[in-house]
Amino acid sequence: VNTRKHPLGIPPPSEKDWTKEDQEDFFLLDPDRKRDVLPQPFRMINKLVMQVFENAMEIIERREMLQEAQKPKVQSKKCYPTAEFQVTERANCLAVSGKHIFVGLSVGLTAFTMCDFKNVSTWDAAKTEICAIHASDLGNECHVLLAVDEMGLAWLFCFHKESFLLIKILNEVEDISQRSPCVEVVLSPGGDYAGILLQGNTKAWLEIYQLPKDSWLTEMEKSAGAAEELACSKRRSNCSSEVQNMGTFLLQKLPVSAIQVDIELDPPVLLLTVRPPKPITGTSFKGPLDALKEVDDDSMLGLGYNHLIKDSQWELQEAIFRSIYQEYLESVGVIEEEIPRYATFHFLLPSRILVGPEMKEQSDIPVGIGVHWVGNHNFCLYFLNRSLNEEAGSDLKPDIVWPCAAPIACSAVSSCSRYLALAGEDVTITIWDKHLGYPLSVTAILEERFIRSIHFL
Numbered sequence: 001v002n003t004r005k006h007p008l009g010i011p012p013p014s015e016k017d018w019t020k021e022d023q024e025d026f027f028l029l030d031p032d033r034k035r036d037v038l039p040q041p042f043r044m045i046n047k048l049v050m051q052v053f054e055n056a057m058e059i060i061e062r063r064e065m066l067q068e069a070q071k072p073k074v075q076s077k078k079c080y081p082t083a084e085f086q087v088t089e090r091a092n093c094l095a096v097s098g099k100h101i102f103v104g105l106s107v108g109l110t111a112f113t114m115c116d117f118k119n120v121s122t123w124d125a126a127k128t129e130i131c132a133i134h135a136s137d138l139g140n141e142c143h144v145l146l147a148v149d150e151m152g153l154a155w156l157f158c159f160h161k162e163s164f165l166l167i168k169i170l171n172e173v174e175d176i177s178q179r180s181p182c183v184e185v186v187l188s189p190g191g192d193y194a195g196i197l198l199q200g201n202t203k204a205w206l207e208i209y210q211l212p213k214d215s216w217l218t219e220m221e222k223s224a225g226a227a228e229e230l231a232c233s234k235r236r237s238n239c240s241s242e243v244q245n246m247g248t249f250l251l252q253k254l255p256v257s258a259i260q261v262d263i264e265l266d267p268p269v270l271l272l273t274v275r276p277p278k279p280i281t282g283t284s285f286k287g288p289l290d291a292l293k294e295v296d297d298d299s300m301l302g303l304g305y306n307h308l309i310k311d312s313q314w315e316l317q318e319a320i321f322r323s324i325y326q327e328y329l330e331s332v333g334v335i336e337e338e339i340p341r342y343a344t345f346h347f348l349l350p351s352r353i354l355v356g357p358e359m360k361e362q363s364d365i366p367v368g369i370g371v372h373w374v375g376n377h378n379f380c381l382y383f384l385n386r387s388l389n390e391e392a393g394s395d396l397k398p399d400i401v402w403p404c405a406a407p408i409a410c411s412a413v414s415s416c417s418r419y420l421a422l423a424g425e426d427v428t429i430t431i432w433d434k435h436l437g438y439p440l441s442v443t444a445i446l447e448e449r450f451i452r453s454i455h456f457l
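Each residue of the sequence shown is one higher than the one before, starting from 1 at the first, in UniProt numbering.
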């Protein structure tokens with residue numbers, strides 16, 4: 001009896017089962033026969049997958065070619081001006097406040113209305129060139145303007161009833177040689193405070209002024225009433241003279257803006273002076289107890305002046321550093337630490353970390369300023385509710401210090417004043433939640449760049 005030793009089954013595929021077409025294709029794709037031979041049905045699956053992939057690549061290439069062909073046909077949208085207004089002199093800068101547009105000219109200031117772009121007023125008494133201008137709406141058709149001219153003088157104006165009124169030149173001194181030019185001006189939202197950055201020959205400092213806008217508005221209302229009374233009296237006198245001379249008259253109404261009334265507004269009050277931080281030197285304390293006595297409000301975070309490092313320790317550390325990196329210092333050159341001469345500052349609205357125990361919180365009035373100096377790691381916060389009896393010559397200490405890992409290159413504050421963006425020289429951007437006092441995100445730019453400005457959109 002003949003019996004099968006193995007069960008009946010389908011024999012495995014072999015090279016004899018290949019078709020001539022498959023054999024030729026396989027030889028052309030793999031002439032050295034280095035790839036493993038796929039058995040059926042995997043060869044069929046592989047062939048179908050490759051066919052689908054090739055079809056997909058053909059579709060992608062056709063779409064890319066179609067997009068490249070459509071690019072020259074797409075034209076950018078052209079925007080044309082809806083209106084224009086002419087100025088008599090060269091325009092250097094402009095600012096918008098309320099329903100008016102203020103333009104800084106080569107000989108002064110001019111104001112236009114936004115509804116009909118009509119020139120309503122011009123100030124050219126000093127014949128000075130205005131290079132920068134900031135404006136804020138105080139309400140009741142009153143605006144405050146802060147302008148900087150070509151000589152670095154900071155001019156404070158009040159615009160009311162289509163007329164400019166000069167209040168004060170903030171950095172004017174009798175001796176011109178002692179004058180410090182203004183390089184930056186900032187007005188707080190609402191016009192409650194103004195800040196100017198001044199630069200001397202070897203130093204720089206920041207001055208913050210409180211603007212008495214309530215007294216200005218009250219004085220403007222009184223002057224408007226006096227101007228109306230004066231206009232009425234002039235109309236009555238004109239009418240009576242015409243009746244006596246001609247018997248008939250034509251009543252003409254004089255514009256109130258044409259009546260000049262002498263107005264004296266209260267000058268701004270210098271609230272605080274912020275100077276750049278001094279370089280850290282050796283300690284003058286004899287022990288830890290003397291250093292702890294200088295710490296205010298039990299706060300251990302400051303600018304780093306109240307330390308116990310001696311001059312000899314600084315010198316030893318510097319000597320070690322120079323000995324290790326001597327070749328790099330010789331190629332680059334040694335840069336001595338200097339006092340910074342430029343600062344960026346922002347007026348900040350109330351938040352959880354900017355409201356003191358004795359401060360009355362108002363959501364639309366700034367309660368502090370944030371300042372950072374060029375090349376410095378610290379972002380310093382100062383409260384604005386300081387007493388005017390503090391010594392003017394003493395160095396003002398920040399109320400809150402936010403240290404950063406790298407020197408701060410630039411900063412920005414959102415329109416709601418809640419978010420603060422700090423860009424460091426190490427090309428990292430940190431977004432802080434100012435109300436809660438912690439960072440929301442840290443973004444590092446991998447490419448070697450330098451961030452010069454940052455803005456919230």
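Backbone N, C-alpha and C define an ideal beta-carbon position, used for all residues, glycine too.
- Beta-bridge partners of G98 (DSSP): none assigned.
- Nearest neighbour of I353 by Cα position, chosen from D364, D175, P212, L436, turns out to be L436.
- Using a Cβ-Cβ distance cut-off of 8 Å, the segment 404-412 and the segment 372-380 are in contact, since at least three pairs of beta carbons, one from each stretch, lie closer than that value.
- P39 is classed as exposed because its beta carbon has fewer than 16 other beta carbons within 10 Å across all chains shown.
- Taken in chain order, the whole beta strand (DSSP E) runs of length 3 or more contained in the segment 411-437 are 419-424, 428-433.
- Counting C-beta pairs closer than 8 Å gives fewer than three between the segment 178-188 and the segment 159-166, which falls short of the contact rule.
- Here DSSP, grouped into helix, strand and coil, assigns V87 to coil.
- Around the beta carbon of T128, 16 or more other beta carbons lie within 10 angstroms, which makes this residue buried.
- Contact between the segment 102-112 and the segment 59-73 is absent: fewer than 3 CB-CB pairs across the two stretches fall below 8 Å.
- Secondary structure of S76 (DSSP, three-state): coil.
- The C-alpha of E448 is placed about 28 Å away from the C-alpha of H346.
- By the C-beta density criterion, M57 is exposed, having fewer than 16 other C-beta atoms within 10 angstroms.
- CA-CA distance, K168 to I130, rounds to 15 Å.
- A distance of 8 Å or more separates the beta carbons of Q210 and P267.
- Rounded to whole angstroms, the gap between the alpha carbons of L170 and P350 is 27 Å.
- As computed with DSSP, Y193 is found in a beta bridge with Q210.
- The shortest CA-to-CA distance from P81 to any of G104, E64, F117, G98 is the one to F117.
- In the three-state reduction of the DSSP assignment, Q199 falls in the strand class.
- In the three-state scheme derived from DSSP, where H, G and I count as helix and E and B as strand, S177 is classed as helix.
- Distance from the Cα of L422 is smallest, within the candidate group W155, P276, S363, T344, for T344.
- The alpha-carbon separation between L217 and S188 amounts to approximately 17 Å.
- Of the candidates R275, E61, L271, C142, R275 places its Cα closest to the Cα of K203.
- Boundaries for F450: no beta strand (DSSP E) harbours it, and the DSSP string shows neither H nor E there.
- Between I133 and A154 a beta carbon distance of about 11 Å is seen, past the 8 Å cut, so the two are scored as non-contacting.
- Per the DSSP secondary-structure output, W205 pairs in a beta bridge with L198.
- Cβ atoms of D149 and S97 stay farther apart than 8 Å, at about 19 Å.
- Setting aside the 5 residues that flank it on each side, S215 is surrounded in the same chain by D266, each with a C-beta closer than 6 Å to its C-beta; the list follows chain order.
- Distance from the CA of N201 to the CA of R341, rounded to the nearest whole angstrom, comes to 10 Å.
- In this chain, the beta strand (DSSP E) harbouring D137 covers 130-139.
- The Cβ neighbour count for P398, taken over all protein chains shown within 10 Å, is at least 16; the residue is labelled buried.
- A Cβ-Cβ contact shorter than 8 Å links F456 with A412.
- Taking the Cβ atoms as the reference, L384 lies roughly 6 Å from L271, within the contact range of under 8 Å.
- When only Cα atoms are considered, R386 and I369 end up about 12 Å apart.
- In the three-state reduction of the DSSP assignment, Y328 falls in the helix class, which pools H, G and I.
- DSSP lists A343 as the beta-bridge partner residues of W373.
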